[in-house]
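Right, one structure below, let's go through it.
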Amino acid sequence: MLLLDRHIILRFLGNFALLFTLLFVFAISIDVVVQFDEFVEAAELVAERDGRWVPVVFVEGVLDFHGPRIFQFYAFMVGLVGVAAAGFTLVQMHRSRELVAIMAAGVPLHRIAAAIIAAQVGLVLLQLVDQELILPRLATKLNRVHDRVLQPGVETFEVPLARDARGALLFASSIDPNAGTATSLLVLRRGETGVA
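Okay, structure coming up:
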């Protein structure tokens, strides 16, 4: 039975990787086409400053800007791509008559569903690690706008009301992560009755 499970899981993960890659490349290509001017301007600036070839710097700019976004894309799309990969896996097995052979061998089809669900649970656990450990470290790169291509991070950004570990509400009109400063910082602490 482990051979069958391994075969189904590997086929599912292959379909998942293929669909995820296609969707990510499609999303990147749309963004690069729409924001082509921003990428070219940044590449020309860096190429002129460093004496490098513009097309190489352009590709580096696209990879620098969209590279960290693969983790964000994974966090958003793991469920949808997992369902599509399960569908493609089952359709492939149906077309090649593997499902009939599995039933003829006396193995219930629930076994196939269990293998696919186990693989999807593994992908969701990977999403948890991605969301809790990787994405917070990439926050400054993910908050960049297209004007900041090939630059280290965001300059400033607004922080809407956010709750800290002690339950206080924080608001800042802008935060500069490079300098470690916040302007117009407002901290609201609530009393026992809930009034600030």
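For the record, in the sequence shown the residue sitting at position 196 is 1078 according to my numbering, with numbers rising by one throughout.
Backbone N, C-alpha and C define an ideal beta-carbon position, used for all residues, glycine too.
- A distance below 8 Å separates the beta carbons of Phe894 and Ala968.
- A contact between stretches requires three or more CB pairs, one per stretch, nearer than 8 Å, and the segment 925–943 fails this requirement with the segment 966–986.
- Taken in chain order, the whole beta strand (DSSP E) runs of length 3 or more contained in the segment 992–1060 are 1039–1045, 1051–1058.
- Cβ atoms of Phe898 and Val963 come within 8 Å of each other, at about 6 Å.
- Following the DSSP letters along the chain, one finds Ala1064 inside the beta strand (DSSP E) bounded by residues 1063–1065.
- Judged by DSSP in its simplified three-state form, Val939 adopts helix.
- Taking C-alpha positions only, Pro1034 is separated from Lys1023 by approximately 7 Å.
- With contacts defined as CB atoms closer than 8 Å, Phe940 and Val922 qualify as a contacting pair.
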